[in-house]
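Enquirer: Next up is a structure, given as structure tokens.
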Amino acid sequence: MPPRNIQLNEQGRLRHFLTVEGFKRQMLIDILDTAESLSGVVDRSVKKVPLLRGKTIVNLFFEPSTRTRTTFELAAKRLSADVLNINIAVSATTKGESLLDTLYNLQAMHCDMFVVRHAESGAAHFIANHVAPHISVVNAGDGRHAHPTQAMLDMFTIRRVKGDFYPLTVAIVGDIANSRVARSQIHALTTLGVNEVRVIGPKTLIPPAVESLGVHVYHDMSEGLRDTDVVIMLRLQNERMQGELLPSEHEYYQLYGLTEARLAVAKPDAIVMHPGPINRGVEIESSVADGPRSVILEQVTHGIAVRMAVMSMCLGQGMEGGQG
Amino acid sequence: MTQLDIDHTLASMTTALQAKMSALGASKPAMIGIHSGGVWVAERLHQALALEEPLGHLDISFYRDDFTRIGINPQVKPSHLPFDVDDRHIILVDDVLHTGRTIRAAMNEIFDYGRPATITLAVLIDRGDRELPIEANIIGRRMTLAAGQNVKLQGPEPLSLVIADKQQ
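Chains as they are written, first to last, in the numbering used here: chain V, 97 to 420; chain X, 15 to 182.
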């Protein structure tokens, strides 16, 4: 018998959300549908539902983040949970031990969920493997590995605008090799069954054997963007760029920056996405980022609903199905 | 209960609602149906009363008291109240009134939209066995069921009542 996906409980319901990889299409659709239901909460005078009342959610951030942490916090608060934000600068030598110590201490405070961001790939899995049975773990980004809620909010945004995944050609542009966002997006897009996923970037920023994930590789922007429905730009991650992978920011922009002119070869109704924060004039032209095809701010809004969905599904992993 | 019985019951509920609204001095009440059976009943009553504003829909899934036991259903339809709730006379409609927990949840949700002047509860069936101190103002039909039995409204067209043994 294959080992059970640790992200699911014995009834096959969501317990942890660590990576998009390994989920069936229906689970991703359930997350998107639940997010759609919860997105209406902000239109009311009381922007809150009592779903997670009495639950305590800890944002455990070992790496700085503003947007992700804030939207996780807002999501938890709109579900009426209590939220604790803990930012920990961790020293590399003691991380294994201090991570578990931190964890057990928080566990002793009767928390129900950890939302974890960590510079080390696999940190969220590590934590999920060590928490008490009643605790859920959500990965808010681990190293170069995964950022599953970002990928799901991107899928939510795509579905909102395009309606369906099957006919779409989606291009992901930039630093694929160092991007946990790209990795999660690729898994989500292929699981949801888009027509084609393309990755575009210089050879030094495309991981070897990336084709095995079911994507097509392009090194030329105008070829790669041709007839695409969705263009996802990635941030040039200066802080992750060690060594000389790139000649210069200027040259990168000349070759891979998304300009109005470059975007002209995409479909006329193509949308432009970016997980933020954007580097204007490095990977994207300001007029594109602020233009009519950009859905970058919608992505931020949708992040709250998607995170509400993941949190409520993880913490409401009940067993019965009856009407009360 | 046959189709004819349901139509007849809805007609008498309409008359009772008209009397109740005029007693309240509510010239423009707003109506809310609880997903899904309550919406079907509300659609009939809404039409019969010729209310001006569109019907509101409430899905109380996010307000249930048993969420941590049963989890979340991804098919929850977002609640939609297309009118301002503040100071309004609200007619809340459900198909079957049983434990009262659904109505408790529905009233909590309505108050997150605003502060209504009054809420009048209208139900097609009152099957008793309340677990909370909640009663309907307008009752279509009272029904006594054997332990372990459930009554369910099927619809939307035609409406019919099904009595069945509870699962499990």
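Cβ atoms here follow ideal geometry from the backbone N, Cα and C, with glycine treated the same way.
Computed from a predicted structure; not experimentally measured.
(1) From Ile-117 of chain X to Ile-148 of chain X, what distance separates their C-alpha atoms?
(2) For the stretch 227–239 of chain V, which residues have a beta carbon sitting closer than 7 Å to at least one beta carbon of chain X?
(3) Tell me the DSSP secondary structure of Arg-129 of chain X in three-state form.
(4) Alpha carbon to alpha carbon, how far is Val-212 of chain V from Tyr-200 of chain V? Give it in angstroms, no decimals.
(5) Can the beta-carbon of Ala-150 of chain X be found less than 7 Å from the beta-carbon of Asp-143 of chain X?
(6) Taking all protein chains shown into account, do 16 or more other C-beta atoms lie within 10 angstroms of the C-beta of Arg-240 of chain V, making it buried, or fewer, making it exposed?
(7) Can you find a CB in chain X that lies within less than 7 Å of the CB of Asp-260 of chain V?
(8) Where does Gly-418 of chain V land, buried or exposed, given buried means 16+ other C-beta within 10 angstroms?
(9) Anything in the stretch 78–90 of chain X with a Cβ closer than 9 Å to a Cβ of chain V? List those residues in chain order, please.
(10) Starting from Asn-225 of chain V and walking both ways along the alpha helix (DSSP H), at which residues does that stretch end?
(11) Note down, in chain order, every chain V residue with its Cβ under 8 Å from the Cβ of Asp-126 of chain X.
(12) With DSSP collapsed to three states, give me the class of Leu-104 of chain V.
(13) The ligand MN and Arg-174 of chain V: does any heavy atom of the ligand fall closer than 6 Å to the residue's C-beta?
(14) Say whether the stretch 80–94 of chain X touches the stretch 127–145 of chain V, bearing in mind that this needs 3 or more beta-carbon pairs closer than 8 Å, one atom from each stretch.
(15) For Arg-109 of chain V, which residues in chain X fall below 7 Å Cβ to Cβ?
(16) Just the Cα atoms here: how many angstroms apart are Ala-131 of chain V and Ile-400 of chain V?
(17) Go through its chain and collect everything with a Cβ distance to Ala-188 of chain V's Cβ below 6 Å, but skip five positions before and after it.
(18) Can you tell me the Cα-Cα spacing of Ala-172 of chain V and Asp-208 of chain V, whole angstroms?
(19) Which term fits Arg-149 of chain V, buried or exposed, when burial requires 16 or more other beta carbons within 10 angstroms of its beta carbon?
(20) Cβ of Phe-210 of chain V within 7 Å of Cβ of Leu-156 of chain V?
(21) Roughly how many angstroms separate the alpha carbons of Pro-373 of chain V and Lys-363 of chain V, rounded to a whole number?
(22) Identify the residues that DSSP records as bridge partners of Phe-210 of chain V: which are they?
(23) Starting from Ala-357 of chain V, trace the alpha helix (DSSP H) in both directions and tell me its first and last residue.
(24) Please identify the residue among V:Ala-357, V:Met-407, V:Ala-215 whose C-alpha is closest to the C-alpha of Pro-160 of chain V.
(25) Would you say Val-406 of chain V faces chain X, with C-beta separation under 7 Å as the test?
(26) Where does Val-142 of chain V land, buried or exposed, given buried means 16+ other C-beta within 10 angstroms?
(27) Using the DSSP secondary-structure output, state which residues sit across from Ala-56 of chain X in a beta bridge.
(28) Would you list the residues sitting across from Thr-134 of chain X in a DSSP beta bridge?
(29) Within 10 angstroms of its Cβ, does Met-205 of chain V collect 16 or more other Cβ (buried), or is it exposed?
(30) How is Ser-390 of chain V classed by DSSP in three states: helix, strand or coil?
(31) Is it the case that the stretch 158–172 of chain X contacts the stretch 65–83 of chain X, given that we only count it when at least three CB pairs across the two stretches are under 8 Å?
(32) Work out the CA separation of Val-179 of chain V and Phe-81 of chain X for me, nearest whole Å.
(33) Any idea if Asn-105 of chain V is buried or exposed, counting beta-carbon neighbours within 10 angstroms, 16 or more meaning buried?
(34) Which residues does DSSP pair with Ser-174 of chain X in a beta bridge?
(35) Following the continuous alpha helix (DSSP H) through Ile-282 of chain V, name the residue where it begins and the one where it ends.
(36) Quickly, what does DSSP pair Asp-140 of chain X with across the bridge? List them, please.
Expert: Let me lay it out:
(1) 8 Å
(2) none
(3) coil
(4) 14 Å
(5) no
(6) buried
(7) no
(8) Residue confidence is low: Gly-418 of chain V scores 34 on pLDDT, short of 50, so the model does not pin down where it sits. No coordinate-derived value is stated.
(9) Arg-78, Asp-79, Asp-80, Phe-81, Thr-82, Arg-83, Ile-84, Gly-85, Ile-86, Asn-87, Pro-88, Gln-89, Val-90
(10) 219–226
(11) Arg-140, Ser-141, Val-142, Lys-144, Val-145
(12) strand
(13) The ligand content of the structure shown is nil, which means the ligand MN is not present either.
(14) yes
(15) Gly-85
(16) 9 Å
(17) Low confidence applies here, because Ala-188 of chain V scores a pLDDT of 47, under 50, leaving its location unreliable and the question unanswered by this model.
(18) 12 Å
(19) exposed
(20) yes
(21) 25 Å
(22) V:Val-154, V:Val-233
(23) 356–359
(24) V:Ala-215
(25) no
(26) exposed
(27) None; Ala-56 of chain X has no bridge partner.
(28) X:Ile-105
(29) exposed
(30) strand
(31) no
(32) 19 Å
(33) buried
(34) X:Gln-168
(35) 276–288
(36) X:Leu-111, X:Arg-156
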